[in-house]
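A quick write-up on the structure given underneath.
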Amino acid sequence: MSDAPNVDLELDLKGLLCPMPMVKVSQSIKDVPVGGIIRAVATDAGAMADIPAWAKSTGHEVVSALKEGSEFVFLVKRVK
Amino acid sequence: MEKVTVDTMVGVLDKRMHRQLKQYLDICARCAICKDACHQYVGTGDFKYLPARRAELIRQVYKKYFTKTGQFVPALYEARDPDDNLLQELYESTYGCTGCRRCMYFCPFSIDTAWIAAVAKGMLIAAGHGNEMLGQLADAAIFKGDSPEMFHDVLVEGFKGIEAELRDETGDDTIEVPVDVKGAEMLYVGLAGSHTIKPAARIFHAAGQSWTLSLYEAANYGLFFGDGEKAKKIAKRFIDEAVELGVKEVVITECGHAYRVAKIFYESWAGEKLPFKVSHILDVIDRFMAEGRLELKPGAIAEPITYHDPCQVGRNGGLYEAPRRIVTAIAADFRDLTPNRAEQWCCGGGGGLVALTDMNDMRLKSGAKKVEQIRATGATVIASPCENCRLQMEDLVNEYDLDLKVMAVMDLVVEAMD
Amino acid sequence: MELYLEITSIWGVYLGIAVFIVGMAWRAYQWATTPRSPVALGMFPKPATGAGRFTKMLKDTFIAPQSAKIEPVMWAFAFLFHIAALAAFVGHLRLVQEFTPLKDMLGTQGMNEFAAWAGGIAGTIMMVAVIFWILRRTFGPYKQLSVPEDYLLLFLLLGVIIMGNHMRFFGIVHSETYMEWFRSLMVFKPEIPAEILATTTGWSLGTHMLFTTLFLIYFPFSKLTHAMGAFAANMTRSE
C-alpha cells in the first residue's frame, strides 16, 4: 500500500469500552500537527459509529475505518 | 470578566430559576451536615468539594442579582459577580460532582446540590467554559441520531457480527440480535459495544421474549455536559425509535443515568406522556424469574459476592430490591455493603467523570469510602448495574490493589443459566 | 431609659412584627409565583401515597432522622435548640393571654416557679446551642463556609437569649408587670409600667427587645426563611 498516508501517532485502544476510544482520539488529536494522522486500533464495535460521528461533529476527518478480524482500525486526520 | 459574559451567566440563572432552586438558594443554613455525606469531600478533604460550598458559589451570584438585600449589603452574603476565580472553582466543583445526591439525602432541608450544579453547568456553558470532552461526546451522539443514513448500515453490520459471535460462543444457531423489528414487545437500549448486548440477547432468548435492539446507545453525555436540550435530543433518538417500532416497553441496560433520564426526566423534558413503559433490565430479569421464564441455578456463584447500588439506579431511580433478589437467587454467599440502599456511598465514577482524565486523581481518591466498604465485606466479586460504576470500580481495583472482580448483574445471570 | 424603652420596647416591637409578617408573606409570595421545576426532584425511598409523602415530609422536617444519623452532635444541638425556642415562644404567649387553667392548677406561686424552671431551662439550652454554633464556625471547613450573615444571626440570637436569661435569672420584676406592658401594646395604648422604669430591669428588657426587633426585621431576608422553606423543600424530596 504505497499510497498509505504517514501515520503521526499510533493509538492502542484495544479493550477500551465506549466512549473511551472516542475520548482518547479526541485527547490525542491535539498531539499531531494540522494535517497529521492518527492510527487508532479499537476492539469495541461501538467505535465504528462513534469515532466517525465524533470526527464529523468536531470537524476532523476519518480517512478510513476498517474491520480487520476482531479489530477496528481508524485513520483520523486532524483538519484544524 | 467582560460584562456580557456576566450578563449571559445571570441570564441562564434567571431562565432556570424554578421555585425549588430559589428555595434551595434562600434557605441553606450552611450547617455543613452535608460535609461527611460527600465521598469527594471525605476522600480529598478539599473544601471546594463540600456540597454546600458548591452551591454557595451560585448563591453568591444569586444574592447579588436576585435579592434586594444582596444588592444593598452584599458583604453580608459575600454576594458577588462571577469572575475568573469563581468560574474556575465552579468548573472543578460542578463537573467534578457525580450527581449522586447523597448530600441531599442527609440534608435537613433536602437541598438538591446536584440540581444546583446542573444549573451551574448551564451557566458555565453559556460563558464558554463548558467541559469540552463531554460537549464533544454529546455532539457526536446527536450527530449519529441526526444522520441515520450514514450510520444505520454500519451499526446493523456490527450487531450482526455480535450475533455471529454469540452463536459461535453458545453453539446455539437460533439466538438472535434483532434490529428494527416492528411490533416487537420490547426495545432494549444497550451501550455501544457487545458487552451489554450479548448477555441481554441470551437472557431474552432463554425467556422467549420478543425484543429488538436499539440502534442507539443509552448513555447520555448531554446530561453530564449540563445541556438539557442536548440531553433531550440524545434520549429522543431511542424514544422516537420505540414509538416508530410500536413497542410496549423500553428496557434500559445496566446503566444508571440513562435509566433516570428515560424513567424520570424524559416525560417532563418533552412535555408528553410516553406510549410505553420504561424499565431497567434488572426489573425485567426479576419479572422473568417471578414468572418462571428464566431458570437459574441457585448458588451458581460460589465466591463471596456483594452488590453496589448505583446512585442513579437506587437513590435516584428507586431500584433497590429487584437487583438484590436476582443476586441472592444465584449467589451462595451474598454480603451486602454497609451502608446500603439509600445511604449507599457513591463509587465516584458518576457524572461522566470516568471520561474526564483531568479529574482522574480526585476520582480515584474519592473512591476511598467505596474501597473501605468493599474490604469490610471480604467479597471477591462485586456486581453493579451501571457502566460508570463498573469502570470506576475497575480503576479502584488497580489503584487500591483489591482482589475483586467487577461484574454486571446480567453477566452473573448468564453464568447461572449455563 | 424611658426613651430607650420607648424605641426598643414599643416602636421596635411594632416595627419588628410588621416587617417580619410582611417580609415572610413577601417571601412566600415570591416562592409561590416562581414556576415549579417541570422535572421531579424526588429521591427514593418515596412513599406511594400523598398522605404518606406528607407524613414523611413532616418527619423529615421536624425530626430530620437522616441528619441525626450522619452528625448526631450537631443534630442534638439543633433539635434541642428548636424545641427550646418553641417552648420559649409558647412561654411568652403568657404575655398575650395568661394560661388560666394551668395557673388555677398550680396556683400563682406554683405557676411562677414552673415558668422560672421551664424558661430557665429553655433559655440555657438555647444559649449553649448558640455558643456551640458560634464556636463551631470558628474553625476548619465550618469557618471557610461561613459568611457574615451566619455570625450576625448568631450574634443577634445570643443577644436576645442572654438578655432574656438575664431577666429570668437576675430580674426582680414579675410577670404581671410584663403582661401589663405587652397588653398595652396589643390594644395600641403603649405604656411602660412604672415598675420597669424604676428598676435596672428596664435596661435588660430594652436590650432584650432591641435584639429581638433587629432579629425579627432581619429574619425574612435571611437563611432563617428555612422556617417556611424546609417544609416545601422536604416535600420536594418525596415528590
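Chains as they are written, first to last, in our numbering: chain A, 18 to 97; chain B, 12 to 429; chain C, -19 to 219. C-beta: ideal position from N, C-alpha, C; glycine also.
Between the CA atoms of residue j and residue i - distance to the nearest angstrom
| i | j | result |
| --- | --- | --- |
| A230 (chain B) | L202 (chain B) | 7 Å |
| Q44 (chain A) | P27 (chain C) | 46 Å |
| I186 (chain B) | Y102 (chain B) | 47 Å |
| L216 (chain C) | G22 (chain C) | Inspection of the sequence shows that residue 216 (chain C) is occupied by Thr rather than by Leu. So the alpha carbons of these two residues sit roughly 6 Å apart. |
| P286 (chain B) | T339 (chain B) | 33 Å |
| F99 (chain C) | P81 (chain C) | Here residue 99 (chain C) turns out to be Gly, not Phe, going by the sequence shown. If I take the Cα positions, the gap works out to 19 Å. |
| E219 (chain C) | Y35 (chain B) | 16 Å |
| R41 (chain B) | I127 (chain B) | 15 Å |
| T104 (chain C) | I245 (chain B) | 58 Å |
| I316 (chain B) | Q51 (chain B) | 26 Å |
| A343 (chain B) | F34 (chain C) | 41 Å |
| T391 (chain B) | D414 (chain B) | 6 Å |
| Y73 (chain B) | K33 (chain B) | 9 Å |
| V382 (chain B) | C400 (chain B) | 13 Å |
| D123 (chain B) | V80 (chain A) | 46 Å |
| F91 (chain A) | I55 (chain A) | 8 Å |
| E278 (chain B) | A65 (chain C) | 44 Å |
| F120 (chain B) | A353 (chain B) | 17 Å |
C-beta neighbour in chain B for residue i, strict 9 Å
| i | result |
| --- | --- |
| I111 (chain C) | no |
| D84 (chain C) | no |
| G52 (chain A) | no |
| G86 (chain A) | no |
| M4 (chain C) | no |
| T181 (chain C) | no |
| M23 (chain C) | yes |
| S74 (chain A) | yes |
| V49 (chain A) | no |
Cβ-Cβ separation, residue j to residue i (assumed contact under 8 Å), whole Å
| i | j | result |
| --- | --- | --- |
| K31 (chain A) | V58 (chain A) | 6 Å |
| V130 (chain B) | I69 (chain B) | 7 Å |
| K94 (chain A) | G52 (chain A) | 7 Å |
| L177 (chain B) | A212 (chain B) | 6 Å |
| E160 (chain C) | P173 (chain C) | 5 Å |
| A213 (chain C) | I275 (chain B) | Not a contact, Cβ separation roughly 18 Å. |
Buried/exposed call for residue i, threshold 16 Cβ in 10 Å
| i | result |
| --- | --- |
| F199 (chain C) | buried |
| H72 (chain C) | exposed |
| M18 (chain A) | Interpretation of M18 (chain A) is limited by its pLDDT of 45, a score under 50 that renders its predicted location unreliable; the figure taken from the coordinates is listed afterwards. So M18 (chain A) ends up on the exposed side. |
| Q82 (chain B) | exposed |
| R335 (chain B) | buried |
| A207 (chain C) | exposed |
| G30 (chain C) | exposed |
| L204 (chain C) | buried |
| N142 (chain B) | buried |
| I136 (chain B) | buried |
| T180 (chain C) | exposed |
| R386 (chain B) | exposed |
| E67 (chain B) | buried |
| Q38 (chain C) | In the sequence as presented, Gln is not what sits at residue 38 (chain C); that position holds Leu. Per the 10 Å Cβ criterion, exposed. |
| W(-9) (chain C) | exposed |
Min CB distance residue i to chain A below 9 Å
| i | result |
| --- | --- |
| T368 (chain B) | yes |
| D150 (chain B) | yes |
| V8 (chain B) | Residue 8 (chain B) is absent from the structure shown; chain B starts at 12 and stops at 429. |
| Y270 (chain B) | no |
| H206 (chain B) | yes |
| L224 (chain B) | no |
| L234 (chain B) | no |
C-beta neighbour in chain C for residue i, strict 9 Å
| i | result |
| --- | --- |
| M468 (chain B) | Because chain B spans 12 through 429 in this model, residue 468 (chain B) falls outside it and cannot be assessed. |
| F276 (chain B) | yes |
| M134 (chain B) | no |
| Q34 (chain B) | yes |
| S67 (chain B) | Reading off the sequence, residue 67 (chain B) comes out as Glu, not Ser. Judged by the 9 Å Cβ criterion, E67 (chain B) is in contact with chain C. |
| Y73 (chain B) | no |
Pairing CB atoms from the stretch 245 to 254 of chain B with CB atoms from the stretch 5 to 21 of chain C, are three or more of them under 8 Å? no
Do the stretch 266 to 278 of chain B and the stretch 392 to 405 of chain B make contact, defined as three or more Cβ pairs closer than 8 Å? yes
If you pair each beta-carbon of the stretch 33 to 47 of chain C with each one of the stretch 141 to 155 of chain B, do three or more pairs fall below 8 Å? no
Count the C-beta pairs between the stretch 280 to 297 of chain B and the stretch -19 to -6 of chain C that are closer than 8 Å, then say yes if the count reaches three, no if not. no
At a cut of 8 Å, does the stretch 104 to 117 of chain B reach the stretch 321 to 328 of chain B through at least three beta carbon pairs? yes
With a threshold of 8 Å, are at least 3 pairs of Cβ atoms found where one atom belongs to the stretch 401 to 408 of chain B and the other to the stretch 348 to 360 of chain B? Output reads yes: the stretch 348 to 360 of chain B touches the stretch 401 to 408 of chain B.
At least three beta-carbon pairs within less than 8 Å, the stretch 167 to 179 of chain C to the stretch 121 to 140 of chain C: no
Under 8 Å: do the stretch 215 to 232 of chain B and the stretch 293 to 307 of chain B share three or more Cβ pairs, one atom per stretch? With the cut-off at 8 Å, the stretch 215 to 232 of chain B and the stretch 293 to 307 of chain B touch.
Would you check if there are 3 or more beta carbon pairs closer than 8 Å linking the stretch 107 to 114 of chain C to the stretch 60 to 75 of chain C? yes
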